[in-house]
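These notes concern the structure reproduced below.
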Amino acid sequence: MPKKTIPIQKILEKIRPTWIERVASELVQNMEMRADLHEQLGRFFDLLVQSVTTSDTAWMDPILLDWAKSSTETDLREGLYQVTFIINRMMAWTIQIASETLTKQQALDMLKAVIPVYTYGLGVVARYEMESRVAHITGEMEKIQRQMERVDRSKSAFISVAAHELKTPITLIDGYASMMEDLIREGGGVPLDGLLSGMQTGIKRLRAIVDDMLDVSMIDNDLLKLNFQPIQLENIFEILNRDLQETIRNRRQTLEIKPFEGSDTWIYVDAARILQALRNILDNAVKYTPDGGKITVDGRTLPGLIEVTITDTGIGIAQENQAIIFEKFGQLGRVDLHSSGKIKFKGGGAGLGLPIARGILEAHGGSIWVESPGYDEEELPGSTFHVLIPIRTESPETTMAKLFNELGRKE
Ligand code: ADP
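Using the numbering used here, you'd call the opening residue of the sequence shown number 1 and step up by one each time.
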């Protein structure tokens, strides 16, 4: 008499609770799983039964894709094929449960029916996870590609702006040199003072550009070394005020330096570098403000910081450019507008002034940003540059020395 065979669905129904419990507890041990784990496993099992009953593995597709799509960013980055791994383990646990709870024949019948469904599931999720990983890697590569393109553009911007910037003073020096040559050749005892001072102007400008380039490269490579000494900001502004007087007069501008709370506080900074940073900002305020405009320096004390504001009545800066200008070669004008004029209205430079100012301030633990309603050469909305300088009442070197002394004593 043939043995009575139990339908596969019945066998599966029988192992359903054990299967869900076992798989859930194993998964919880192995990885961080979602809160609705039991529900998800129930859904998986029911679809497995459905696939076996109808001999159509496509029933599994929705849950397989749902699971495969839930791979996290970390899984993708680290190349973890989580769902493929889970399905693989599920197949192993199913075999184990079958051998523990069913008769040999029932186990064989059941496995014959469910293993093809698992194999199909493995194929689907492995392909999906592999494709997601490839898409992830492609995305990462595109990001790198875009970064490299940006670096490349910045490099060619550097070459064109630097070449243009360097060319102007070189042309100047060249011109004066040939004039001097002509005069000397003619042998007439004409005084050469005027020509020499013209030449010196060109050389000075050339040196300033090269110095800026070296500073940017030092900042980029974290090589900026600060020489801390005690100063009062009002002294720095006195120097800047004196240096700018002639330009301000020529441009018929007004420069007002207000005494502010904190301007007479003794703080430790690299005075030459802070002077350089503030000079760059003030030079810009002069450059991007038309004749007759006003520049105001003010400030206040904040907890642990001094805030300096430099406000002008100039052409302003569009919202979208307010971060770019602190990037290297972030000058917004056209290369052909570059005039090497330090203070001429809109006489753009190499676009290194603000990146250097930012580098110096950040090296001090401070920061810089700009506020402006927008760019308008007619309405002249103006800009306000904010500078934060930490209040150090002791040289960081002294602090370090003290710390080492303390450590030395403890040993
Ligand atoms: P540049 O040598 O071109 O002046 P900077 O780094 O000093 O380079 O400044 C970058 C750009 O930021 C300038 O080209 C200019 O477009 C803009 N900018 C800087 N300061 C001001 C300001 N006070 N008003 C308007 N625009 C400014």
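Here a beta-carbon is modelled for each residue, glycine too, at the ideal position from N, C-alpha and C.
Just the C-alpha distance for residue 351 and residue 191, rounded to the nearest angstrom, thanks. Locating residue 351 in the sequence shown gives position 351, where the first residue counts as 1. Locating residue 191 in the sequence shown gives position 191, where the first residue counts as 1. So the two alpha carbons sit approximately 38 angstroms from each other.
Cα-Cα separation, residue 181 to residue 205: Looking up residue 181 in the sequence shown gives position 181. Looking up residue 205 in the sequence shown gives position 205. Using only the alpha carbons, I get a separation of about 22 angstroms.
Please state whether DSSP places residue 70 in a helix, a strand or coil. On the sequence shown, residue 70 is found 70 positions in, with the first residue counted as 1. Of the three classes helix, strand and coil, the one that applies to residue 70 here is coil, per DSSP.
Grab the span of the beta strand (DSSP E) containing residue 256 for me, first residue to last. Locating residue 256 in the sequence shown gives position 256, where the first residue counts as 1. Run containing residue 256: 254-257, per the beta strand (DSSP E) assignment.
Please report the straight-line C-alpha distance between residue 99 and residue 109, rounded to a whole angstrom. Within the sequence shown, numbered from 1, the residue matching residue 99 stands at position 99. Within the sequence shown, numbered from 1, the residue matching residue 109 stands at position 109. Computed Cα separation, rounded: 12 angstroms.
Have a look at residue 122 and residue 39 and give me their C-alpha separation to the nearest angstrom. For this step, residue 122 is matched to residue 122 along the sequence shown. For this step, residue 39 is matched to residue 39 along the sequence shown. Those two C-alpha atoms are separated by around 21 angstroms.
In whole angstroms, what is the alpha-carbon distance linking residue 311 and residue 376? Position 311 of the sequence shown, counted from the start, is the residue given in the question as residue 311. Position 376 of the sequence shown, counted from the start, is the residue given in the question as residue 376. The alpha-carbon atoms of residue 311 and residue 376 are separated by roughly 16 angstroms.
Check whether the Cβ of residue 381 lies closer than 7 angstroms to any heavy atom of the ligand ADP, and answer yes or no. As a first step, residue 381 must be located in the sequence shown, where it is residue number 381. Not under cutoff, so the answer is no.
Could you pull out every residue in the same chain whose Cβ sits closer than 7 angstroms to the Cβ of residue 64, ignoring the five residues on either side in sequence? Residue mapping note: residue 64 aligns to position 64 of the sequence shown, counting from 1. So the list reads 121, 124 and 125, once near-sequence residues are dropped.
Give a single yes or no on whether residue 167 has its beta carbon closer than 7 angstroms to a heavy atom of the ligand ADP. Here residue 167 refers to the residue found at position 167 of the sequence shown. It does not: the Cβ of residue 167 is nowhere closer than 7 angstroms to a heavy atom of the ligand ADP.
In chain order, which alpha helix (DSSP H) runs of at least 4 residues are fully inside the stretch 229-305? 233-250 and 271-287
Sort out for me which residues DSSP pairs residue 386 with in a bridge. For the purposes of this step, residue 386 is taken as the residue at position 386 of the sequence shown. DSSP lists 309 and 369 as partners of residue 386.
Quick check on residue 381: does DSSP put it in helix, strand or coil? Position 381 of the sequence shown, counted from the first residue, corresponds to residue 381. Note: residue 381 maps to coil in three-state DSSP.
How should residue 368 be labelled, buried or exposed, when 16 other C-beta atoms within 10 angstroms of its C-beta is the threshold for buried? Indexing the sequence shown from 1 puts residue 368 at position 368. Residue 368 is buried by the Cβ-count criterion.
Between which residues of its own chain and residue 219 is the CB-CB distance below 6 angstroms, once the five residues before and five after are set aside? Indexing the sequence shown from 1 puts residue 219 at position 219. Cβ within range, chain order: 359.
In three-state terms, what does DSSP make of residue 393? Here residue 393 is taken as the residue at index 393 of the sequence shown, counted from 1. It is coil, neither helix nor strand.
Go through its chain and collect everything with a Cβ distance to residue 24's Cβ below 7 angstroms, but skip five positions before and after it. Taking the sequence shown and counting its residues from 1, the one referred to as residue 24 is at position 24. Excluding positions up to five away in sequence, the list reads 37, 38 and 41.
Are there 16 or more other CB atoms within 10 angstroms of the CB of residue 233, so buried, or fewer, so exposed? Reading the sequence shown from its first residue, position 233 is the one you call residue 233. Counting Cβ neighbours within 10 Å, residue 233 comes out buried, since at least 16 surround it.
Range of the contiguous alpha helix (DSSP H) that encloses residue 317: For the purposes of this step, residue 317 is taken as residue 317 along the sequence shown, with counting starting at 1. That residue, residue 317, is in no alpha helix (DSSP H); it is neither H nor E in DSSP.
With a threshold of 7 angstroms (Cβ to nearest heavy atom), would residue 270 be considered close to the ligand ADP? Numbered from its first residue, the sequence shown carries residue 270 at position 270. Flag unset: Cβ of residue 270 not near the ligand ADP.
Cβ atoms of residue 309 and residue 299: under 8 angstroms apart, would you say? On the sequence shown, position 299 is the one that residue 299 refers to. On the sequence shown, position 309 is the one that residue 309 refers to. Yes, Cβ-Cβ distance for residue 299 and residue 309 is below 8 angstroms.
Quick one: is residue 423 buried, meaning 16 or more other Cβ sit within 10 Å of its Cβ, or exposed? The question about residue 423 has no answer, for the chain in this structure spans 1 to 411.
Measure the C-alpha to C-alpha separation of residue 118 and residue 10 and round it to an integer number of angstroms. Counted from its first residue, the sequence shown places residue 118 at position 118. Counted from its first residue, the sequence shown places residue 10 at position 10. The alpha-carbon atoms of residue 118 and residue 10 are separated by roughly 19 angstroms.
On the criterion of 16 or more Cβ atoms from any shown chain inside 10 Å, does residue 18 qualify as buried, or is it exposed? On the sequence shown, residue 18 is found 18 positions in, with the first residue counted as 1. It is exposed - the Cβ of residue 18 has fewer than 16 other Cβ atoms within 10 Å.
At a cut-off of 7 angstroms, would you count residue 294 as near the ligand ADP, judging by its Cβ distance to the nearest heavy atom? The residue you call residue 294 lines up with position 294 of the sequence shown. No - the ligand ADP has no heavy atom lying nearer than 7 angstroms to the Cβ of residue 294.
Any heavy atom of the ligand ADP closer than 7 angstroms to the CB of residue 250? Stepping through the sequence shown from its first residue, residue 250 is reached at position 250. Every heavy atom of the ligand ADP is 7 angstroms or more from the Cβ of residue 250, so no.
Cα separation between residue 168 and residue 210? Reading the sequence shown from its first residue, position 168 is the one you call residue 168. Reading the sequence shown from its first residue, position 210 is the one you call residue 210. Approximately 13 angstroms, taken between the alpha carbons.
Distance check for residue 325 and residue 291, CA to CA, integer angstroms please. Position 291 of the sequence shown, counted from the first residue, corresponds to residue 291. Position 325 of the sequence shown, counted from the first residue, corresponds to residue 325. C-alpha separation (whole angstroms): 23 angstroms.
According to DSSP, simplified to helix, strand and coil, what is residue 374? Here residue 374 refers to the residue found at position 374 of the sequence shown. Coil, per DSSP.
So the candidates are 97, 171, 293 and 396; which of them puts its Cα closest to the Cα of residue 249? What you label residue 249 is simply residue 249 of the sequence shown in a count that begins at 1. The candidate whose alpha carbon is nearest that of residue 249 is 293.
Could you tell me whether the Cβ atoms of residue 217 and residue 317 are closer together than 8 angstroms? Locating residue 217 in the sequence shown gives position 217, where the first residue counts as 1. Locating residue 317 in the sequence shown gives position 317, where the first residue counts as 1. Contact: no.
Spatial neighbours of residue 8 in its chain, beta-carbon cut-off 7 angstroms, leaving aside the 5 residues before and after: By one-based count along the sequence shown, residue 8 stands at place 8. Contacts found: 52, 109, 110 and 113.
Would you say residue 380 and residue 296 are within 8 angstroms of each other, going by their C-beta atoms? Within the sequence shown, the letter at position 380 stands for residue 380. Within the sequence shown, the letter at position 296 stands for residue 296. No, the pair does not count as a contact, with Cβ atoms beyond the cut-off.
The ligand ADP heavy atom lying under 7 angstroms from the CB of residue 277: Within the sequence shown, numbered from 1, the residue matching residue 277 stands at position 277. No, the ligand ADP has no heavy atom inside 7 angstroms of this Cβ.
Of the choices 286, 385, 184 and 129, whose alpha-carbon is the least far from that of residue 66? Position 66 of the sequence shown, counted from the start, is the residue given in the question as residue 66. Minimum Cα distance to residue 66 is reached at 129.
If contacts are defined as beta-carbon pairs under 8 angstroms, then residue 266 and residue 230 qualify, I think. What distance do you get, rounded to the angstrom? In the sequence shown, counting from the first residue as 1, residue 266 sits at position 266. In the sequence shown, counting from the first residue as 1, residue 230 sits at position 230. Residue 266 to residue 230, Cβ: 5 angstroms. Contact.
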